[in-house]
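Using the working numbering, read the sequence shown as starting at 1425 and increasing by one per residue.
For each residue, glycine too, the CB sits at the ideal point set by N, CA and C.
Here's the structure, in structure tokens; my notes come after.
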Amino acid sequence: MPSSSAVSHEKKPQSPQLLLRPKARFSPPSQLDRQTSAQPIEEAFDDDEDIPFIKTTAHGIRCPVVTPAQMQMVEDICMKETGPNREMMIENAGHGASIMALKALGGERRIQPDNHNAAPVVVILAGNNKTGCYSLASARHLANRGCRVYIVLTSRPDAPIHPSVEMQKNYAVYAGVTAVENVEEFSAKALRDDYKTRELLWAAMDWANGNKAPVLSLDFPSGINAIDGHPFHVMHHIHPKWTLCFGAPKQGCTSRSITGELFLADIGIPAVSWREANIRRSCAFFYRTSASVPEWLLK
């Protein structure tokens, strides 16, 4: 199961997005397992190399900060040479996200048969992309654990759905997940039929931000540039309570105001893949930690 960690950022003197909606009250961050939660960090540099990094709260182990392009390179190496393949990484990410969500919802006791509260409700806004696959896989796991799960694909009705996204959506529906057309079914804010993809995304993000339920972003908050941490549009971007990164935290994880509490999940990438991509610190991080759930990253 994925492991995550907290981080702190330092500088050399000379160097310069699932929506969780439970019926019961959420456990505050301080009550979450400290092995699994994390907060974003300021930029830090190694003494020997100008490589940004963060540190885990549980072990103080340095973990790399990567760009989306670097992460894609590592995943390509996995799929072409070392494994795991795409489907395995999707499953690992989905499982890690579901564990994170279940902890936020109150843990195992929240979904026991003898719990008198109604089953927690989870609304997942899934993109037509890789991270969308991760979120749809997590929807299936959450439904299997007794949550009431709704999924919304934030893409235009006339846009072709990526085969992997379509497959994960079908698997989720078989598990009991309810697929709805758009967020209009959850709120009074209507979406016009002629909205383009960007406007659909804006509407979904605005709806999530305006909802009372806290938001868990997967991989990186929607509407934020994962390279520099700046919003693409000042008015339309997700404000998550938590962010769960996969593989390694993105370079744009610059502050808690961007990511909320920051967590990291291992998706099964072997040490050799990180080395081939010249990202050496990931190896020390993942193979010296032992948490079976996402680990907390702190300042």
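Residue i in three-state terms, based on DSSP
i, result
"Ala1627", "helix"
"Thr1667", "strand"
"Cys1487", "strand"
"Glu1685", "strand"
"Ala1599", "coil"
"Lys1636", "coil"
"Pro1587", "helix"
"Val1545", "strand"
Top-ranked residue by Cα proximity to residue i, from the options
i, options, result
"Gln1494", "Gly1692, His1661, Gly1671", "Gly1671"
"Ser1697", "Pro1581, Cys1487, Cys1502, Thr1491", "Cys1502"
"Ala1650", "Ile1682, Val1576, Asn1568", "Ile1682"
"Tyr1574", "Ala1599, Glu1499, Arg1699", "Ala1599"
"Pro1581", "Asn1552, Thr1602, Tyr1595", "Asn1552"
"Glu1499", "Val1546, Met1512, Lys1593", "Met1512"
"Gly1676", "Phe1687, Ile1648, Ile1693, Met1659", "Ile1648"
"Ala1567", "His1654, Ile1548, Gly1507", "Ile1548"
Neighbour-count burial assignment, residue i, 16 or more Cβ in a 10 Å radius
i, result
"Ile1703", "buried"
"Pro1587", "exposed"
"Val1589", "buried"
"Gly1634", "exposed"
"Lys1636", "exposed"
"His1657", "exposed"
"Lys1674", "buried"
"Asp1690", "buried"
"Ile1585", "exposed"
"Pro1452", "With a pLDDT of only 36 at Pro1452, under 50, the local geometry of the prediction cannot be trusted, and the value read off the model is given with reservation. Result: exposed."
"His1565", "buried"
"Glu1515", "buried"
"Arg1510", "exposed"
"Gln1592", "buried"
"Glu1740", "Nothing about residue 1740 can be read from this structure; the chain reaches only from 1425 to 1723."
Endpoints, beta strand (DSSP E) assigned at residue i
i, result
"Arg1510", "Segment 1510-1529 is the alpha helix (DSSP H) holding Arg1510; no beta strand (DSSP E) there."
"Ser1641", "1640-1642"
"Arg1572", "1572-1577"
Span of the alpha helix (DSSP H), counted from its first residue to its last, around residue i
i, result
"Ile1501", "1492-1501"
"Ala1563", "1554-1568"
"Val1696", "1695-1700"
Residue i beta carbon near the ligand GDP (any heavy atom closer than 6 angstroms)
i, result
"Phe1687", "The ligand content of the structure shown is nil, which means the ligand GDP is not present either."
Is the region 1659-1671 in contact with the region 1508-1527, if contact means three or more CB pairs nearer than 8 angstroms? By the Cβ rule, the region 1659-1671 counts as touching the region 1508-1527, because three or more pairs are nearer than 8 angstroms.
Cβ pair count under 8 angstroms reaching 3, the region 1548-1559 against the region 1637-1654: These segments touch.
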